[in-house]
Structures are given as C-alpha cells and as structure tokens.
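Below is one structure; the comments refer to it alone.
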C-alpha cells in the first residue's frame, strides 16, 4: 500500500509521460533548428544576391557606355533583310560607334574581316568617298555571297570614284595573305582601317541546320566553315570525357561542368548526342535535377553551346592570331576596331592590344606598363575615346570598352553583351 501511495503522489511523471514530453521537446528543438537554418540560408542567399548586384554595378561603372544618339534611320538602311523592327535577318551591332571610330581618318583602304551581311561595310563605304580599296573576308560562303551581292549593288548605284572592291571566302587569320594576293603594294604600305566583328551573325543563329540555336532543333554541327571536318557531335560523342569537361569549364565558364561531363559521357552508352534538341534535353534534365528553373537551363544551354562552338572553330586562338596579323597590316596611324560579345573574347582583345603596343615593355609581374592620356589632351573630334593608353607601338583608344547605348540595347537584345575596343598604330 505504501509503495502504491508513493507512486501515485510522486512528483516525477510516469515513465511513458516523461518519454512523450521528451519527444515533444526534441521535435520542437528540431523545428526551431530547421527554422534557424532556413532563416540563415535566406539571409546568406540575400547577401549573395546583394553582393552579385554590387559586382554587376561595379562592372557597369567600369565600362564606357556609348553616349551616341541611336540613329534609327542608319540602322534601317543597313540592317539585312526586312526591318519593320530590328528583327531583320541581320542587324549590325554598334554601327554608329564603328562609324565614329573611323570618322577621324582618311580611309583610302579598308578591310572588313567579318563581312556577314556587309552592313558595317556598306555604311563605311558610303561614309568615306575617298576610299580606293575595299577588301572583305568571311569564312561562311553563304554570308560571303550575300555580302558580295550587296557591295556590288552599292557600287553600281553610286559614284564609286574608282573604288576597287574584293571579297574573299576565308578565315580572318589569313588576312595578310589575302591582302598580298589583292595588292602587294598595299600590303607593304598598310591599310588605313580594319574591322573585326566577332559576334555570331543572326543569319547563322536563325538557321537550325547550322546547329547554333538553343531553341531550334538541328544537327550538332556548329561549324563556321562548312568545309571544316570537326563538328560538335564529334566532340560530344568521341572526345575524352575529361577533355569535354575542360571545354565546358574553360570555354563556357560553366560551374556545373563536372555533372554535365558525366551526363554527356553516360549518353554515349545509349547512342550518343546528334541533334541540338537531344543536347538541350540533357541540359534541361540536368538543370532540373540541380534545382534550376527555365531561366537556369536556358543560361546553361547557352554556355554549353558557346563552349562547343569555340572548340569546333578554335575561335580563341584564331582571334589572337588574327589580331597580331591585322596590326601588321595597318599603315602608320591606321586603326583596328574589334567588337567582342563575351568575356573570353574581350579578355583576349584587351590583353593582345596591350601586348601589341608595349610588346617589349612588360614588367616583372607580366603586366604591360602603360601611360594613360588625360581627357583634356584629347581632340574634341575624338571625344568618343575618353580614356587612351599610350604605348611604344601604338595607342589603345579605348582603355575601357565602349558598350551599346541604352536605346540600342532596348531595340536589339543581342547587342547587350557587345564591347568595342579600338587600337591605333603609331
């Protein structure tokens, strides 16, 4: 009886009640911990987003946005195809800024290394009545034929004043041999202006059979030169797995490259990848499993396609070789203008320009020593180049790249990533 009484009036709860209370406490603690974790994650995510926005704002302040007024009539005249809006078959990027870069020169000879639809070329020919020699190159035969027809039409409809125009199908890294074949004397004396537009032509992107479009099904080709042997499907289906990963990492700057590399290698076991739709589907599944939404997989696909295109066409090394070759072809005081469209290209252009103007003046850290010209030393006619870098062999007229005006970016979304750099030979 005493034992029962002690049990009934004990201050301690029965064992099963104690355990139930303990479980409730543990659940509550876990919930609070999970809530704190979610709060911390949200805070960290917000901080990361704020940091990314700050970095983006910093990049914007470092660039020099074009202050030229967007000339709609100029674009309407020179854009390829119909132009009810900026939706023609080809729209020239930063056309007004390119014309401005050569406006202060007497262009007796000019080379367009990337003819495309000849939009830039036709505008430059019209703007420089003193021009005596024009040479255009394009690695794409279809683009070359369209450009040639356009230039011939332009010359027949205006007083050409004896302008000699030549077009050539070939890679711009062979610009010296092309010029030598046209006129050996011009090669020795040099040309007054050269333009390189490194962007994809809208005509190429909008044709699914070329394999460049993320949003249209076509073969995994991606060759700029249809005569070349290497295609994107060769890389995806037969190159070593680690080499495919390196391409995605280095040329696409893709953070998820390792997982993509494994999925591409895994796809080989079921026949491989042969169409852009198959590759996009793989990327979409990969992005979905990693928690990315529609915008995530489209951005990933864009980076993957960029990486493959660069590898197929050996673009980065070709650009560097072509920049040195173009500088050699310039006359004293001649200018080379280059439009790039992604950070890898722009880095190469920036580094190569600095190396060219100070090729024998590199300090121990590997950086080129440069002297910036003050804005008050710049001629009013050349006010577009606000910051110059003076070197022994020439002057970089754009220490910071010029980017499209806000108006152009609104009207032509493909221009948003464009950067223009200009170099003048001493």
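In this note's numbering, the protein residues as written are 1493 to 1918.
We treat Cβ as the ideally placed atom computed from N, Cα and C, and that holds for glycine.
It should be emphasised that the depicted structure is a prediction, and the values quoted were computed from it without experimental measurement.
Does DSSP put residue i in a helix, a strand or coil?
i	result
residue 1690	coil
residue 1713	coil
residue 1464	The structure shown does not extend to residue 1464, since the chain is modelled only from 1493 through 1918, so no value can be given for it.
residue 1829	strand
residue 1901	helix
residue 1670	helix
residue 1997	Residue 1997 cannot be examined here, being either before or after the span of the chain that is shown, 1493 to 1918.
residue 1766	coil
residue 1593	helix
residue 1628	strand
residue 1743	coil
residue 1585	coil
residue 1858	With a pLDDT of only 45 at residue 1858, under the threshold of 50, the placement of this residue in the model should not be trusted; the figure read from the coordinates follows. Coil at residue 1858, not helix or strand.
residue 1580	Residue placement at residue 1580 is poorly supported in this model, since its pLDDT is 45, which falls under 50; the coordinates are not used for a value here.
residue 1719	coil
residue 1886	strand
residue 1525	helix
residue 1656	strand
residue 1788	helix
residue 1601	strand
residue 1685	strand
residue 1706	coil
residue 1824	strand
residue 1758	helix
residue 1836	helix
residue 1880	strand
residue 1870	Because residue 1870 sits at a pLDDT of 49, beneath the cut-off of 50, its placement in the model cannot be relied upon, and the following sentence gives the value as read from the coordinates. Note: residue 1870 maps to coil in three-state DSSP.
residue 1738	helix
residue 1665	helix
residue 1844	helix
residue 1699	coil
Relative to the C-alpha of residue i, which candidate in the options has its C-alpha closest?
i	options	result
residue 1818	1665, 1791, 1895 and 1735	1665
residue 1594	1615, 1585 and 1584	1615
residue 1628	1815, 1613 and 1718	1613
residue 1833	1896, 1885 and 1662	1896
residue 1747	1697, 1689 and 1788	1788
residue 1903	1557, 1591, 1689 and 1563	1563
residue 1663	1740, 1568, 1811 and 1756	1811
residue 1583	1592, 1571 and 1775	1571
residue 1617	1656, 1586, 1740 and 1790	1656
residue 1848	1877, 1882 and 1876	1882
residue 1619	1644, 1590, 1605 and 1645	1590
residue 1623	1523, 1654 and 1524	1654
residue 1694	1741, 1659 and 1905	1905
residue 1877	1750, 1560, 1696 and 1525	1560
residue 1750	1658, 1775, 1661 and 1794	1775
residue 1850	1763, 1885 and 1528	1885
residue 1708	1644, 1659, 1566 and 1790	1790
residue 1690	1525, 1838, 1518 and 1842	1838
residue 1669	1605, 1698, 1524 and 1718	1605
residue 1807	1762, 1757, 1742 and 1518	1742
residue 1661	1698, 1718 and 1585	1718
residue 1758	1733, 1659 and 1912	1733
Do residue j and residue i come within 7 Å of each other at the CB atom, strictly closer than that value?
i	j	result
residue 1809	residue 1714	no
residue 1901	residue 1907	yes
residue 1729	residue 1760	yes
residue 1915	residue 1828	yes
residue 1815	residue 1844	yes
residue 1754	residue 1822	no
residue 1830	residue 1688	yes
residue 1799	residue 1737	no
residue 1716	residue 1632	yes
residue 1568	residue 1610	no
residue 1607	residue 1630	yes
residue 1894	residue 1556	yes
residue 1779	residue 1792	yes
Please look up how many angstroms separate the CB atoms of residue i and residue j, rounded, as I've assumed it's under 8 Å.
i	j	result
residue 1804	residue 1752	About 17 Å separates the two Cβ atoms, so there is no contact after all.
residue 1597	residue 1685	6 Å
residue 1771	residue 1712	6 Å
residue 1683	residue 1588	Actually they do not touch by this definition, with Cβ atoms about 22 Å apart.
residue 1898	residue 1879	With 8 Å as the limit, residue 1898 and residue 1879 do not qualify as a contact, their Cβ atoms being about 20 Å apart.
residue 1756	residue 1739	Not a contact, Cβ separation roughly 10 Å.
With a threshold of 6 Å (Cβ to nearest heavy atom), would residue i be considered close to the ligand NAD?
i	result
residue 1649	Among the components of this structure there are no ligands whatsoever, and the ligand NAD is therefore not found.
At least three beta-carbon pairs within less than 8 Å, the stretch 1675–1691 to the stretch 1601–1618: yes
Three CB pairs or more closer than 8 Å across the stretch 1694–1712 and the stretch 1765–1775: yes
Stretch-stretch touch, CB-based, cutoff 8 Å, three pairs: the stretch 1722–1738 with the stretch 1630–1643: Touching, no.
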